[in-house]
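Participant: Shown below is the structure under consideration.
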Amino acid sequence: MTQLQATPAALYPLDDALGSVALVQHVGDDKMIVNAARVSFGGDSDAPLSARDEKLIAYLLRHQHGSPFEHNLITFKVVCPVFVDRQMVRHRVGVSKNEVSGRYVEVQERLYTPVLFRKQAPSNRQASVPDDGTLDQQAAAAAWENAWRASSAAYQQLLGLGVTREQARGVLPQAMYTESYYTFNVRSLLHFLSLRDHEGAQYETRQYAHAMRALAQPLFPVTFAAWEALEGRPER
Ligand SMILES: Cc1cc2nc3c(=O)[nH]c(=O)nc-3n(C[C@H](O)[C@H](O)[C@H](O)COP(=O)(O)OP(=O)(O)OC[C@H]3O[C@@H](n4cnc5c(N)ncnc54)[C@H](O)[C@@H]3O)c2cc1C
Numbered sequence: 001m002t003q004l005q006a007t008p009a010a011l012y013p014l015d016d017a018l019g020s021v022a023l024v025q026h027v028g029d030d031k032m033i034v035n036a037a038r039v040s041f042g043g044d045s046d047a048p049l050s051a052r053d054e055k056l057i058a059y060l061l062r063h064q065h066g067s068p069f070e071h072n073l074i075t076f077k078v079v080c081p082v083f084v085d086r087q088m089v090r091h092r093v094g095v096s097k098n099e100v101s102g103r104y105v106e107v108q109e110r111l112y113t114p115v116l117f118r119k120q121a122p123s124n125r126q127a128s129v130p131d132d133g134t135l136d137q138q139a140a141a142a143a144w145e146n147a148w149r150a151s152s153a154a155y156q157q158l159l160g161l162g163v164t165r166e167q168a169r170g171v172l173p174q175a176m177y178t179e180s181y182y183t184f185n186v187r188s189l190l191h192f193l194s195l196r197d198h199e200g201a202q203y204e205t206r207q208y209a210h211a212m213r214a215l216a217q218p219l220f221p222v223t224f225a226a227w228e229a230l231e232g233r234p235e236r
């Protein structure tokens with residue numbers, strides 16, 4: 001059963017009204033996961049989800065019986081900065097993506113601008129820490145804004161000169177928003193969330209992962225509850 005969202009419910013992970021995650025459609029439910037598992041011994045049925053079924057879902061997750069969680073799909077429309085998208089596309093298994101083409105259309109000039117800049121973490125070379133008051137937020141914002149103005153002007157100049165869109169886009173920054181349809185199954189989504197709705201992930205990417213989790217959780221409530229218990233992850 002495909003559920004199309006006529007008006008997609010959208011969340012705004014970076015609180016700027018530009019970046020968003022919307023649920024486009026989904027197929028399947030917790031019962032489908034149970035039926036996929038029980039078909040191995042002819043036990044699939046139309047009966048409503050029972051307490052026994054709920055235990056089975058938890059068992060499957062605990063013992064990494066992954067394939068019953070693949071008979072469903074969840075499609076999101078994701079509008080995110082290019083640097084977030086670069087992390088999302090690293091998830092190769094059970095994830096489908098189609099993205100707006102900067103060759104086909106002029107890139108929409110939508111820029112992500114951090115409200116607050118963070119500092120480099122002293123010990124973890126990959127991580128950031130909140131500003132302890134020693135970061136010149138104004139100077140950082142000005143540098144960001146100046147870089148954006150210069151690259152936007154160069155993009156428009158190149159197009160004005162007749163340069164092809166596929167080359168002109170090369171001057172645009174990683175903070176530009178891009179938009180894609182991403183389709184996961186529950187197995188690939190939970191794997192993605194384990195890694196990206198996690199304190200080890202970059203803050204901005206984590207906000208996107210958390211929004212996807214919030215949209216998907218009501219569609220598969222038993223599965224998400226079992227996964228959260230297994231991972232020791234209460235709702236943030
Ligand atoms: C906090 C964090 C930091 C990261 N830092 C870096 C970094 O510095 N540089 C960098 O390049 N990447 C980095 N990554 C990306 C990371 O290495 C993975 O590419 C990404 O998280 C996708 O995970 P995955 O491969 O498990 O997912 P998927 O590609 O969706 O794969 C899912 C699962 O399928 C199996 N699988 C997939 N492909 C293969 C294969 N070829 N062979 C065997 N098994 C396979 C594995 O079990 C895998 O877990 C980082 C990721 C995180 C979360």
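Numbering follows our numbering, in which position 10 of the sequence shown is assigned residue number 10; successive positions increment by one, without gaps.
Here a beta-carbon is modelled for each residue, glycine too, at the ideal position from N, C-alpha and C.
(1) Between Ile33 and the rest of its own chain, which residues show a CB-CB distance below 8 Å, the 5 nearest in sequence each way excluded?
(2) Who are the near neighbours of Trp144 in its chain, counting only those whose CB is closer than 7 Å to its CB and skipping five residues on each side?
(3) Identify the continuous beta strand (DSSP E) that holds Ala127 and give its terminal residues.
(4) Taking Cβ to Cβ, would you say Met212 is nearer than 8 Å to Val82?
(5) With a CB to CB cut of under 8 Å and the five nearest residues on each side skipped, what residues in its chain are close to Tyr130?
(6) State yes or no: is the C-beta of Leu195 nearer than 7 Å to some heavy atom of ligand 1?
(7) So, helix, strand or coil for Leu188, using DSSP?
(8) CB Val95 to CB Ser188, shorter than 8 Å?
(9) When every heavy atom of ligand 1 is checked, does at least one fall within less than 7 Å of the C-beta of Arg92?
(10) With a Cβ-Cβ cutoff of 8 Å, do Gly102 and Arg165 count as a contact?
(11) Tell me the rounded alpha-carbon separation between Asp132 and Ala140.
(12) Roughly how many angstroms separate the alpha carbons of Tyr203 and Phe192, rounded to a whole number?
(13) Considering only heavy atoms of ligand 1, does any lie closer than 7 Å to the CB of Ser188?
(14) Between Gln167 and the rest of its own chain, which residues show a CB-CB distance below 8 Å, the 5 nearest in sequence each way excluded?
(15) Hey, how far is the Cα of Leu49 from the Cα of His198?
(16) Excluding the 5 residues preceding and the 5 following Leu14 in the sequence, name in chain order all residues of the same chain whose CB lies nearer than 7 Å to its CB.
(17) Whole angstroms are fine: how far does the CA of Phe41 sit from the CA of Leu18?
(18) Alpha carbon to alpha carbon, what distance is there between Gly160 and Ala36?
(19) Throw me the rounded Cβ distance for the Val107 and Arg169 pair, which I believe falls under 8 Å.
(20) When the Cα of Lys97 is compared with those of Tyr104, Arg86, Gly232, which residue comes out closest?
(21) Give me, in chain order, the residues of the same chain whose beta-carbon lies closer than 8 Å to that of Ser151; leave out the 5 immediate sequence neighbours on both sides.
(22) Of all the alpha helix (DSSP H) runs that stay within the bounds of the segment 146 to 207, which reach a length of 4 or more residues?
(23) If the criterion is Cβ atoms closer than 8 Å, does the pair Ala209 and Arg196 meet it?
(24) Kindly indicate the opening and closing residues of the alpha helix (DSSP H) around Leu230.
Facilitator: To lay it out plainly:
(1) Taking the first residue of the sequence shown as 1, we reach residue 33 at position 33. The answer, listed in chain order, is Ile57, Leu60, Pro68, Phe69, His71, Asn72, Val186, Phe220, Thr223.
(2) Sequence index remark: in the sequence shown, residue 144 carries index 144 (1-based). Around Trp144: Thr113.
(3) On the sequence shown, residue 127 is found 127 positions in, with the first residue counted as 1. From DSSP, Ala127 is part of no beta strand (DSSP E); its letter is neither H nor E.
(4) Counted from its first residue, the sequence shown places residue 212 at position 212. Counted from its first residue, the sequence shown places residue 82 at position 82. With a cutoff of 8 Å on beta-carbon distance, Met212 and Val82 are scored as not near each other.
(5) Start at 1 with the first residue of the sequence shown, and residue 130 comes out as number 130. Note that residue 130 is Pro in the sequence shown here, rather than Tyr. Correct list, in chain order: Leu116, Arg118, Lys119.
(6) Residue 195 sits at position 195 when you count from the first residue of the sequence shown. Yes; taking the cut-off as 7 Å, the Cβ of Leu195 has a heavy atom of ligand 1 nearer than that.
(7) Stepping through the sequence shown from its first residue, residue 188 is reached at position 188. The residue asked about is misnamed: residue 188 is Ser in this sequence, not Leu. Note: Ser188 maps to helix in three-state DSSP.
(8) Counting from 1 along the sequence shown, the entry for residue 95 is found at position 95. Counting from 1 along the sequence shown, the entry for residue 188 is found at position 188. Taking 8 Å as the Cβ cut-off, Val95 and Ser188 qualify as a contacting pair.
(9) As a working mapping, residue 92 is identified with position 92 in the sequence shown. Arg92 Cβ: within cutoff of ligand 1.
(10) Position 102 of the sequence shown, counted from the start, is the residue given in the question as residue 102. Position 165 of the sequence shown, counted from the start, is the residue given in the question as residue 165. Closer than 8 Å, so yes.
(11) Here residue 132 is taken as the residue at index 132 of the sequence shown, counted from 1. Here residue 140 is taken as the residue at index 140 of the sequence shown, counted from 1. Roughly 15 Å separates the two Cα atoms.
(12) Taking the first residue of the sequence shown as position 1, residue 203 is located at position 203. Taking the first residue of the sequence shown as position 1, residue 192 is located at position 192. Approximately 15 Å between the Cα atoms of the pair.
(13) Counting from 1 along the sequence shown, the entry for residue 188 is found at position 188. Within the cutoff, so yes.
(14) On the sequence shown, position 167 is the one that residue 167 refers to. Correct list, in chain order: Leu158.
(15) In the sequence shown, the residue the question calls residue 49 occupies position 49. In the sequence shown, the residue the question calls residue 198 occupies position 198. Their Cα atoms are separated by approximately 30 Å.
(16) As a working mapping, residue 14 is identified with position 14 in the sequence shown. Correct list, in chain order: Tyr112, Glu204, Gln207.
(17) One-based indexing of the sequence shown puts residue 18 at position 18. One-based indexing of the sequence shown puts residue 41 at position 41. Each residue's alpha carbon lies about 49 Å from the other.
(18) Here residue 36 refers to the residue found at position 36 of the sequence shown. Here residue 160 refers to the residue found at position 160 of the sequence shown. Distance between the alpha carbons of Ala36 and Gly160: 56 Å.
(19) Counting from one through the sequence shown, the residue named residue 107 turns up at place 107. Counting from one through the sequence shown, the residue named residue 169 turns up at place 169. Contact holds; Cβ gap of about 5 Å.
(20) On the sequence shown, residue 97 is found 97 positions in, with the first residue counted as 1. Residue Arg86 is the option with its Cα nearest to Lys97.
(21) Taking the first residue of the sequence shown as 1, we reach residue 151 at position 151. Counting only Cβ-Cβ distances below 8 Å, and skipping sequence neighbours, we find Val171, Leu172, Pro173.
(22) 165 to 168, 186 to 196
(23) Against the sequence shown, residue 209 aligns to sequence position 209. Against the sequence shown, residue 196 aligns to sequence position 196. Yes, these two residues count as a Cβ contact at 8 Å.
(24) Reading the sequence shown from its first residue, position 230 is the one you call residue 230. Boundaries of the alpha helix (DSSP H) around Leu230: 221 to 231.
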